[in-house]
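I have placed the structure first, in the form of structure tokens, so that the comments after it can refer back to it.
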Amino acid sequence: MGINIEKFTKEFIKAHAKDNYVQNANYVIGDKVRHMKFGEGIVVNIDGNLIDITFNKRTGTKTFLKNHKSIERIC
2 MGINIEKFTK EFIKAHAKDN YVQNANYVIG DKVRHMKFGE GIVVNIDGNL
52 IDITFNKRTG TKTFLKNHKS IERIC
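Under our numbering, the first residue of the sequence shown carries the number 2, and numbering increases by one thereafter.
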């Protein structure tokens with residue numbers, strides 16, 4: 002009797018992982034984007050599912066999964 006922590010954890014992660022990602026996040030180098038924490042930046046590199054975004058001088062360049070919902074393209 003009791004909870005199978007390993008099974009519970011895997012099911013919890015599966016159920017909530019999709020909440021952090023968006024479908025069809027297609028970026029090109031030069032796209033302007035906004036990140037929830039770091040603000041506005043520019044896509045400077047794309048490598049498969051990863052994108053590098055350069056923000057202000059203080060924040061610098063960060064690498065993200067390109068379909069993470071914290072990033073959105075701006076015009």
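For each residue, glycine too, the CB sits at the ideal point set by N, CA and C.
Inset, instruction - Rank Asn5, Ile52, Ala26 by C-alpha distance to the C-alpha of Lys1 and give the top, closest one. - result: For the chain, the structure presents residues 2 to 76; residue 1 sits outside this window and is missing.
Inset, instruction - Drop a sphere of 10 angstroms on the beta-carbon of Val34, count the other beta-carbons inside from all chains shown, and report buried for 16 or more, exposed for fewer. - result: Label assigned to Val34: buried.
Legend entry - Inter-residue CB distance, Thr55 and Val45 (contact presumed, cutoff 8 Å): Going by Cβ atoms, the distance from Thr55 to Val45 rounds to 5 Å, so yes, they are a contact pair.
Inset, instruction - Mind checking who Gly40 pairs with in its DSSP beta bridge? - result: Secondary-structure assignment with DSSP links Gly40 through a beta bridge to His36.
Legend entry - Secondary structure of Asn46, DSSP reduced to three states: Judged by DSSP in its simplified three-state form, Asn46 adopts strand.
Legend entry - Local conformation of Ile30 per DSSP, three classes: Ile30 falls in the coil class under three-state DSSP.
Legend entry - Reduced DSSP secondary structure (H/G/I, E/B, other) of Phe65: Here Phe65 sits in strand by DSSP.
Inset, instruction - Find the nearest neighbour of Arg74 within the set Tyr28, Gly3, Asn5, judged by alpha-carbon distance. - result: Measuring from the Cα of Arg74, the nearest candidate turns out to be Tyr28.
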